[in-house]
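For the protein sequence lines, the chains are X and B, in the order given. Counting from 1, one number per residue, gives the positions in the first sequence under the numbering used here. Counting from 1, one number per residue, gives the positions in the second sequence under the numbering used here. Down below is the structure, laid out as structure tokens.
Number of protein chains: 2
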Amino acid sequence: MKILVVDDEALLVKGIRFNLQNEGYKVITASDGLEALQLVQTQNPDLVVLDVMMPNMDGMTACSKIREFSDVPIILLTAKTEDMDKLMGFDHGADDYLTKPFNILELKARIRALLRRAGTAERRTPSHHLTTGSITLDLDGRNAYKSGVMVELTAKEFDVIEFLMRNPNRVYSREALLDTIWAYEYRSDIRTVDVHIRRLREKLEENPAEPKHILTKWGVGYYFKK
Amino acid sequence: MKILVVDDEALLVKGIRFNLQNEGYKVITASDGLEALQLVQTQNPDLVVLDVMMPNMDGMTACSKIREFSDVPIILLTAKTEDMDKLMGFDHGADDYLTKPFNILELKARIRALLRRAGTAERRTPSHHLTTGSITLDLDGRNAYKSGVMVELTAKEFDVIEFLMRNPNRVYSREALLDTIWAYEYRSDIRTVDVHIRRLREKLEENPAEPKHILTKWGVGYYFKK
DNA sequence: AATATGGATGCGCGGTTTTTTCATGGGAAC
DNA sequence: GTTCCCATGAAAAAACCGCGCATCCATATT
Chain X
1 MKILVVDDEA
11 LLVKGIRFNL
21 QNEGYKVITA
31 SDGLEALQLV
41 QTQNPDLVVL
51 DVMMPNMDGM
61 TACSKIREFS
71 DVPIILLTAK
81 TEDMDKLMGF
91 DHGADDYLTK
101 PFNILELKAR
111 IRALLRRAGT
121 AERRTPSHHL
131 TTGSITLDLD
141 GRNAYKSGVM
151 VELTAKEFDV
161 IEFLMRNPNR
171 VYSREALLDT
181 IWAYEYRSDI
191 RTVDVHIRRL
201 REKLEENPAE
211 PKHILTKWGV
221 GYYFKK
Chain B
1 MKILVVDDEA
11 LLVKGIRFNL
21 QNEGYKVITA
31 SDGLEALQLV
41 QTQNPDLVVL
51 DVMMPNMDGM
61 TACSKIREFS
71 DVPIILLTAK
81 TEDMDKLMGF
91 DHGADDYLTK
101 PFNILELKAR
111 IRALLRRAGT
121 AERRTPSHHL
131 TTGSITLDLD
141 GRNAYKSGVM
151 VELTAKEFDV
161 IEFLMRNPNR
171 VYSREALLDT
181 IWAYEYRSDI
191 RTVDVHIRRL
201 REKLEENPAE
211 PKHILTKWGV
221 GYYFKK
């Protein structure tokens with residue numbers, strides 16, 4: 001079981017890490033919301049402990065954003081009880097809350113409870129997502145997430161990346177892509193595929209010039225590397 | 001249990017907050033009727049304590065307006081016993097009344113009683129509402145509320161928005177909407193969907209030209225963003 | 001029965017966004 | 001070094017949506 005702990009107070013994180021590792025959990029850490037978002041995406045933890053007060057992106061916002069693409073159980077930490085009130089009002093999608101300073105035993109108990117619940121209880125509305133590395137497709141909303149940040153895709157762009165991600169590590173010629181994705185539409189120029197690949201790289205790759213997932217097979221076509 | 005306390009006398013609010021928090025309740029506050037209306041809408045408290053004399057919108061009016069879209073228990077506070085007589089005459093939908101100055105112990109007792117009663121009553125007749133942001137659907141009355149203000153919807157309009165709000169963040173093509181909402185009726189023109197979406201935006205969005213919830217997914221269809 | 005009213009539907013124009021096409025330069029393969 | 005092949009920028013072409021307005025239809029009113 002892998003737990004992501006997010007807080008900008010290094011000492012507190014160190015303490016939690018020590019305690020949870022003693023309990024047999026794997027622990028990864030982040031010090032702000034943005035980092036947290038990326039780690040949830042790339043490391044796929046089984047549970048997240050998230051502080052509310054943080055630089056870059058606060059815990060509430062991070063929580064909402066994580067919920068856009070993941071159902072991982074989340075525990076929010078807050079410093080004051082008054083903040084807690086505010087927290088409870090809005091639906092950030094957190095599963096549990098804890099006020100600082102807290103008893104480490106209580107945190108451990110709540111983690112156990114949540115993991116048990118997540119393991120048995122049926123998920124809320126089963127969300128339809130497709131994830132590889134830092135790229136996630138939201139099949140319902142027809143959008144993508146790059147390191148947890150939403151990226152809007154056009155209709156054709158989505159069709160192309162969905163097909164490639166559903167059949168990873170497999171090379172498709174431009175003709176094949178036109179046949180499957182453009183199907184019975186007017187048969188367009190073969191270079192059209194290139195342009196869509198370019199747009200996808202611009203939107204989804206960290207460095208579009210050196211793509212890590214949306215790759216070219218020279219003289220053959222394109223493929224999605226998992 | 002979350003309680004909304006509404007009064008323009010800051011000192012009194014502070015006192016009530018202190019006492020109720022000691023009792024283990026979460027407390028949120030407002031200083032006039034308008035603010036109260038919004039908080040009931042967005043924060044969904046379990047009980048409301050409402051002063052009658054207030055700027056912007058008095059407690060009686062606020063009470064009536066809250067009743068249009070919520071069954072939350074309400075306790076009205078009034079300064080003079082004479083006003084109380086008047087109050088009792090009209091039906092504002094309040095559940096209990098208290099004359100200032102009151103004993104804090106009495107307020108606490110009445111809150112306990114109301115919450116207990118609501119706890120059992122709610123299980124029998126759950127109120128049917130669907131809320132996101134400033135938009136609320138009244139499933140029984142088949143009307144909508146925009147920031148607490150009632151908006152009349154026609155039959156088809158209600159069908160469309162109800163379906164979209166029950167399945168938020170999910171894109172539906174016009175065909176899919178016609179199939180599910182228009183079901184077995186005569187299959188109308190695909191543009192019909194556009195027109196209903198337009199009407200809904202005019203009625204429910206703050207700025208219909210820049211909708212925040214009822215959104216278009218270019219080349220695909222429409223969706224309700226939560 | 002005739003008329004009025006309000007909702008649902010159909011159509012087309014104009015502006016916007018997406019998709020496709022095209023030209024050019026730079027890399028990869030041999 | 002030569003020959004393909006692909007990436008990139010720009011711009012044309014096509015597709016699509018929003019909106020006003022006309023029409024159809026059902027129900028209520030007189």
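Using N, Cα and C, we set each Cβ at its ideal position, and we do this for glycine too. None of these values were measured; they are calculated from a predicted model.
How would you call glutamine 21(X), buried or exposed, if buried means at least 16 neighbouring beta carbons within 10 angstroms?
exposed
Please go through the same chain and pick out, in chain order, the residues whose beta-carbon is closer than 8 Å to the beta-carbon of tyrosine 223(X), but skip the five residues on each side of it.
Same-chain partners within the cutoff: Leu164, Pro168, Asn169, Arg170, Val171, Tyr172, Leu215 and Lys217.
Give me the chain X residues within the contact set of lysine 108(B), using Cβ-Cβ distance strictly less than 8 Å, ordered along the chain.
In chain order: nothing, as chain X lies at least about 18 Å away.
Can you have a look at valine 5(B) and say buried or exposed, based on whether 16 or more other CB atoms are within 10 angstroms of its CB?
buried
Using a Cβ-Cβ cut-off of 7 Å (strictly less than) and excluding sequence neighbours within five positions of proline 208(X), which residues of its own chain qualify?
Arg201 and Glu202
The ligand GTP and glutamate 9(X): does any heavy atom of the ligand fall closer than 7 Å to the residue's C-beta?
The ligand GTP is absent from the structure shown, which contains no ligands of any kind.
CA-CA distance, asparagine 103(X) and glycine 15(B)?
Looking at the two C-alpha atoms, the distance is approximately 29 Å.
Ignore the nearest five residues each way along the sequence and tell me which others in leucine 98(X)'s own chain have a CB closer than 8 Å to its CB.
Ile75, Leu76, Leu77, Thr78, Glu106, Leu107 and Arg110
Ends of the beta strand (DSSP E) at lysine 228(X)?
Residue 228(X) is absent from the structure shown; chain X starts at 1 and stops at 226.
Leaving out five residues on either side along the sequence, give the residues of the same chain with a beta carbon under 7 Å from the beta carbon of valine 13(B).
Val5, Asp7 and Thr29
Using a Cβ-Cβ distance cut-off of 8 Å, determine whether glycine 93(X) contacts chain B.
So, not an interface residue.
Beta strand (DSSP E) containing asparagine 143(X): first to last residue?
143-146
Beta carbon of asparagine 143(X), beta carbon of leucine 130(X): below 8 Å?
no
Cut-off 8 Å between Cβ atoms - residues of its own chain near phenylalanine 158(B), not counting five sequence neighbours on either side:
Leu137, Arg142, Asn143 and Ala144
My understanding is that leucine 47(B) touches cysteine 63(B), with C-beta atoms under 8 Å, so please give their C-beta distance in whole angstroms.
The pair is not a contact, with the Cβ atoms about 13 Å apart (cut-off 8 Å).
For methionine 53(X) and isoleucine 190(B), what's the separation of their Cα atoms in angstroms?
Between the alpha carbons of methionine 53(X) and isoleucine 190(B) lies a distance of about 48 Å.
For chain X, find out if any of its Cβ atoms is closer than 8 Å to the Cβ of lysine 217(B); answer yes or no.
Yes, its Cβ sits closer than 8 Å to a Cβ of chain X.
Taking 6 Å as the limit between beta carbons, can you name the residues of its chain near glutamine 38(B), skipping five residues before and five after?
none
Keeping to the same chain, check which residues put their C-beta closer than 7 Å to that of aspartate 32(B); ignore five residues upstream and five downstream.
Asp8, Met54, Pro55, Asn56 and Met57
Where proline 101(B) falls, given that 16 or more other Cβ within 10 Å makes a residue buried
exposed
What in chain X is Cβ-close to tyrosine 223(B), meaning under 8 Å?
Residues of chain X with a Cβ closer than 8 Å to the Cβ of tyrosine 223(B) are, in chain order, Gly141.
In terms of DSSP beta bridges, what is glycine 221(B) paired with?
Ser173(B) and Lys217(B)
Do leucine 177(B) and valine 195(B) have their CB atoms nearer than 8 Å?
Remark: C-beta atoms of leucine 177(B) and valine 195(B) do not approach each other more closely than 8 Å.
For asparagine 169(B), would you say it is in contact with chain X, using Cβ-to-Cβ distances shorter than 8 Å as the test?
yes
Could you check what DSSP says for aspartate 71(X) in three-state terms: helix, strand or coil?
coil
Is isoleucine 190(B) helix, strand or coil when you go by DSSP?
coil
Please tell me whether valine 49(B) has its Cβ less than 8 Å away from any Cβ of chain X.
no
Determine, for valine 193(B), whether the minimum Cβ-Cβ distance to residues of chain X falls below 8 Å.
no
How would you call glycine 219(B), buried or exposed, if buried means at least 16 neighbouring beta carbons within 10 angstroms?
exposed
What residues in its chain sit with their C-beta under 6 Å from that of arginine 67(X), if we drop five residues either side in the sequence?
Gly93
Assign phenylalanine 18(X) to one of two classes, buried (16 or more other C-beta atoms within 10 Å of its C-beta) or exposed (fewer than that).
Result: exposed.
What is the rounded straight-line gap between the Cα of threonine 125(X) and the Cα of arginine 166(B)?
Only weak support exists for where threonine 125(X) lies, its pLDDT of 44 falling under 50; the coordinates are left without a value.
Buried versus exposed call for glutamine 43(X) [16 or more other C-beta atoms within 10 Å across all chains shown]
exposed
If the cut-off is 9 Å on Cβ atoms, which residues from the stretch 60-79 of chain X count as contacting chain B, listed in chain order?
Glu68
Flag this pair as yes or no: are the beta carbons of glutamine 41(X) and serine 188(X) separated by less than 8 Å?
no
Backbone CA spacing between lysine 225(X) and lysine 26(X) [nearest angstrom]:
27 Å
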